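Undergrad: Take a look at the following structure, please.
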Amino acid sequence: MTSWSQKRPGSGKFTPENVDSLLCTHVIYAFATLKNHKLTEADEKDVEMYERVVALREKNPNLKILLAIGGWAFGSTPFKELTSNVYRMNQFVYEAIELLRDYKFNGLDVDWEYPRGADDRAAYVNLLKELRLAFEGEAKSSGEPRLLLTAAVPASFEAIAAGYDVPEISKYLDFINVMTYDFHGQWERQVGHNSPLYPLESATSYQKKLTVDFSAREWVKQGAPKEKLMIGMPTYGRSFTLVDPTKFDIGAPASGGGTPGKYTGEAGFMSYYEVCDFLHGENTTLVWDNEQQVPFAYRKDQWVGFDDERSLKTKHYCSFYSIVEESFNIGNEIDLSVGCSCCDCVGSQMSWLKEEGFGGIMIWSVDMDDFRGQCGTGKYPLINAMRQELEGYTVKLEYDGPYEGTGGGAYTTKDPTSVSCEEEDGHISYHPDKADCTMYYMCEGERKHHMPCPSNLVFNPNENVCDWPENVEGCMHHTQAPPTAKRK
1 MTSWSQKRPG SGKFTPENVD SLLCTHVIYA FATLKNHKLT EADEKDVEMY ERVVALREKN
61 PNLKILLAIG GWAFGSTPFK ELTSNVYRMN QFVYEAIELL RDYKFNGLDV DWEYPRGADD
121 RAAYVNLLKE LRLAFEGEAK SSGEPRLLLT AAVPASFEAI AAGYDVPEIS KYLDFINVMT
181 YDFHGQWERQ VGHNSPLYPL ESATSYQKKL TVDFSAREWV KQGAPKEKLM IGMPTYGRSF
241 TLVDPTKFDI GAPASGGGTP GKYTGEAGFM SYYEVCDFLH GENTTLVWDN EQQVPFAYRK
301 DQWVGFDDER SLKTKHYCSF YSIVEESFNI GNEIDLSVGC SCCDCVGSQM SWLKEEGFGG
361 IMIWSVDMDD FRGQCGTGKY PLINAMRQEL EGYTVKLEYD GPYEGTGGGA YTTKDPTSVS
421 CEEEDGHISY HPDKADCTMY YMCEGERKHH MPCPSNLVFN PNENVCDWPE NVEGCMHHTQ
481 APPTAKRK
């Protein structure tokens with residue numbers, strides 16, 4: 001759910017109360033920001049919004065609600081600055097836990113768009129590692145369910161190669177949200193689909209890599225466990241203005257983005273409910289692209305590629321469509337009064353996802369589905385279609401990473417031999433973890449926090465700082481990372 005969706009005009013305005021809390025297993029609220037290198041609210045109204053989003057658990061106690069930081073507009077620079085100093089990053093981790101617990105979030109989603117180059121690649125891994133270590137330690141000391149750690153990552157094979165150590169980040173993330181959309185858009189001068197499952201046979205070798213299927217396979221090829229990959233499904237389309245209205249196939253020349261939507265107000269972009277309005281306009285033609293397994297529509301010089309219920313779920317219509325084609329002679333075009341297309345007997349994205357064994361789906365975003373039911377098929381038609389197809393679908397977590405099976409929601413018992421905090425309110429003290437040189441306890445009044453030192457450092461009780469091992473007696477050979485816990 002995006003924070004700015006509440007600011008859309010008229011019936012486009014979306015608030016936490018519009019969310020159907022039974023539709024999904026997790027809700028991620030986007031976005032928080034950084035101020036003075038600390039996780040904080042991006043808007044003065046966010047505190048109220050946090051409370052309203054978290055209140056969704058009243059209707060679904062099993063719902064997990066995470067807070068996201070970053071995003072496209074946030075950029076890469078703040079993350080670079082944060083991770084360039086280990087002490088600064090460690091403080092961020094501590095403050096993040098505080099904020100997440102204070103507002104009763106279940107975890108953090110890191111949306112760094114995008115790390116690039118060797119330094120960023122290493123910094124990104126270190127950030128995720130420090131967060132996961134701290135989340136593990138805090139859960140052990142507090143007895144609370146461990147905070148979840150997830151990330152939004154690019155679909156582009158070029159971006160993956162430029163900034164992601166896939167095997168390493170897979171160790172620390174609970175799941176990985178792959179943004180398999182925005183493959184094409186108004187930045188190009190020819191029309192292309194926002195999120196094609198497969199490529200056109202006539203596409204160039206480069207263009208064939210710009211698909212959902214190729215991207216997902218590339219993440220697996222680079223070392224990501226399939227069961228941790230959540231495949232991004234868009235509830236919006238990308239639109240174009242055609243140079244020549246008589247040329248409307250994929251690859252047709254475009255002069256720029258399409259007319260802004262009435263509610264989203266961005267050229268080259270339409271929410272699904274705005275696509276519905278477009279489809280109901282006179283002389284609109286809807287086409288099913290059988291090769292890419294997605295629809296697109298056009299009217300005069302306006303063109304939009306999007307996902308609908310057909311492209312997002314499995315349907316087998318061969319025998320029926322052969323009759324439709326013969327009776328109406330409409331080929332691949334859909335007569336809106338008929339509401340059918342002539343596709344082959346091929347399952348689409350949900351079928352593909354289940355056959356491949358991926359962990360699930362991530363939807364961008366809940367506020368752009370038809371949440372008011374104005375399209376005529378009920379509220380949230382896209383999300384409901386995907387949910388129905390995934391009903392009962394489970395995958396076994398076969399990945400055996402260093403933190404698998406460490407809880408992620410199960411309560412743990414406090415260690416009776418651990419440090420006890422009895423300071424007065426407002427007083428802060430630091431204490432070594434006698435069992436692990438790389439960890440320490442921070443007492444804030446009666447509140448205790450089990451904190452990790454940055455990589456390769458140990459806690460120095462004489463100075464109350466994380467220091468080099470050679471400066472701390474008994475910690476020359478500091479404790480290694482926790483042993484692998486095999487998943488039962």
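Numbered according to UniProt numbering, the sequence shown spans residues 1 to 488.
C-beta atoms are modelled at their ideal positions from N, C-alpha and C, and glycine is treated no differently.
Since the model is a prediction, treat every value here as computed from it, not as a measurement.
(1) Return the bridge partner residues of Asp-289 from the DSSP annotation.
(2) Quick one: using the 10 Å Cβ neighbour count with 16 as the cut-off for buried, is Thr-2 buried or exposed?
(3) Roughly how many angstroms lie between the CA atoms of Tyr-103 and Glu-51, to the nearest whole one?
(4) Can you tell which of Met-179, Glu-201, Gln-207 and Val-178 has its C-alpha closest to the C-alpha of Gly-192?
(5) With 16 other CB atoms within 10 Å as the buried threshold, where does Gln-374 fall?
(6) Considering Cα atoms alone, identify which of Val-19, Glu-98 and Phe-157 is closest to Met-49.
(7) Could you spell out where the alpha helix (DSSP H) holding Phe-135 opens and where it closes?
(8) Which term fits Val-93, buried or exposed, when burial requires 16 or more other beta carbons within 10 angstroms of its beta carbon?
(9) Would a check of beta-carbon distances place Asp-111 closer than 7 angstroms to chain D?
(10) If we require 3 or more residues per run, which beta strand (DSSP E) segments fall completely within the stretch 191-259?
(11) Are at least three pairs of beta-carbons, each pair with one atom in the stretch 71-85 and one in the stretch 29-43, less than 8 angstroms apart?
(12) Tell me the residue span of the alpha helix (DSSP H) that contains Ala-151.
(13) Can you tell me which of the three DSSP states Val-395 falls into?
(14) By a C-beta neighbour count over all protein chains shown, 10 Å radius and 16 as the cutoff for buried, is Glu-17 buried or exposed?
(15) Going by beta carbon distance, what residues of the same chain come within less than 8 angstroms of Thr-284, once the five residues before and after it are set aside?
(16) With respect to the beta strand (DSSP E) encompassing Arg-447, which residues constitute its N-terminal and C-terminal limits?
(17) For the pair the stretch 219-227 and the stretch 260-279, tell me if three or more CB-CB distances fall below 8 angstroms.
(18) Gln-292 and Pro-253: beta carbons closer than 7 angstroms?
(19) Under 7 angstroms, do Thr-150 and Asp-109 count as touching if we go by C-beta distance?
(20) Which runs of the beta strand (DSSP E) fall wholly inside the stretch 348-397 and span at least 3 residues, in chain order?
(21) Would you kindly report the start and end of the unbroken beta strand (DSSP E) that includes Ser-455?
(22) Tell me where the beta strand (DSSP E) around Ser-271 begins and ends.
(23) Apply the 10 Å Cβ neighbour rule to Val-472 and answer buried if 16 or more other Cβ atoms are within range, or exposed otherwise.
(24) In its own chain, which residues sit with a C-beta less than 8 angstroms from the C-beta of Asp-46, not counting the 5 before and 5 after it?
(25) Assuming His-37 and Lys-64 form a contact by the criterion Cβ under 8 angstroms, report the distance between their Cβ atoms to the nearest whole angstrom.
(26) Which word fits Pro-199, buried or exposed, when buried means at least 16 other C-beta atoms lie within 10 angstroms of its C-beta?
(27) How is the alpha helix (DSSP H) around Glu-309 delimited, first residue to last?
(28) Please work out which residues of its chain come closer than 8 angstroms, Cβ to Cβ, to Thr-259, disregarding the five sequence neighbours upstream and downstream, and give them in chain order.
(29) Short of 8 angstroms in beta carbon distance, which residues of its chain neighbour Gly-281, apart from the five on each side in sequence? Order them along the chain.
(30) What is the DSSP secondary structure of Ala-162, reduced to helix, strand or coil?
(31) Would you call the stretch 53-60 and the stretch 124-139 in contact, with 3 or more CB pairs under 8 angstroms?
(32) Confirm, please, whether the CB-CB distance from Asp-111 to Ala-68 is below 7 angstroms.
(33) Less than 7 angstroms between the C-beta atoms of Met-362 and Gly-232, yes or no?
TA: The answer reads as follows:
(1) As DSSP reads the structure, Asp-289 sits in a beta bridge with Val-294.
(2) Answer is buried; the Cβ neighbour count reaches 16.
(3) As the crow flies, the alpha-carbon of Tyr-103 is around 7 angstroms from that of Glu-51.
(4) For the residues Met-179, Glu-201, Gln-207 and Val-178, the minimum Cα distance to Gly-192 belongs to Gln-207.
(5) Per the 10 Å Cβ criterion, exposed.
(6) It is Val-19.
(7) 118-142 is the extent of the alpha helix (DSSP H) around Phe-135.
(8) Val-93 should be labelled buried.
(9) As a matter of chain content, chain D is missing from the structure shown, which is built from one protein chain.
(10) Counting whole runs of 3 or more residues, the stretch 191-259 contains the beta strand (DSSP E) stretches 229-234, 236-242 and 254-257.
(11) A contact is defined here as three or more CB-CB pairs under 8 angstroms, and the stretch 71-85 meets this definition with respect to the stretch 29-43.
(12) Where Ala-151 is concerned, there is no enclosing alpha helix (DSSP H), although the beta strand (DSSP E) around it starts and stops at 148-154.
(13) Three-state DSSP puts Val-395 in coil, outside helix and strand.
(14) Per the 10 Å Cβ criterion, exposed.
(15) Taking C-beta separations shorter than 8 angstroms and ignoring five residues to either side along the sequence, the partners of Thr-284 in its chain run Phe-278, Ala-297, Tyr-298, Arg-299 and Leu-336, following chain order.
(16) For Arg-447, the enclosing beta strand (DSSP E) starts and ends at 447-452.
(17) Counting Cβ pairs under 8 angstroms, fewer than three are found: no touch.
(18) For Gln-292 and Pro-253, no; Cβs fall outside 7 angstroms.
(19) With contacts defined by Cβ atoms closer than 7 angstroms, Thr-150 and Asp-109 form a contacting pair.
(20) You should have 360-364.
(21) Per DSSP, Ser-455 is not a residue of any beta strand (DSSP E), being assigned neither H nor E.
(22) 269-271 is the span of the beta strand (DSSP E), which, as asked, contains Ser-271.
(23) For Val-472, the number of other beta carbons within 10 angstroms of its own is at least 16, and it is reported as buried.
(24) Once the five neighbours on either side are set aside, the close Cβ partners of Asp-46 are Ser-3 and Ala-32.
(25) With 8 angstroms as the limit, His-37 and Lys-64 do not qualify as a contact, their Cβ atoms being about 27 angstroms apart.
(26) It counts as buried.
(27) Its alpha helix (DSSP H) spans residues 309-312.
(28) So the qualifying residues of the chain are Ser-239, Thr-241, Ala-267 and Gln-302.
(29) Same-chain partners within the cutoff: Arg-299.
(30) Ala-162: helix per DSSP, three-state reduction.
(31) They do not touch, by the three-pair rule.
(32) Yes, they are a contact pair.
(33) Yes, they are a contact pair.
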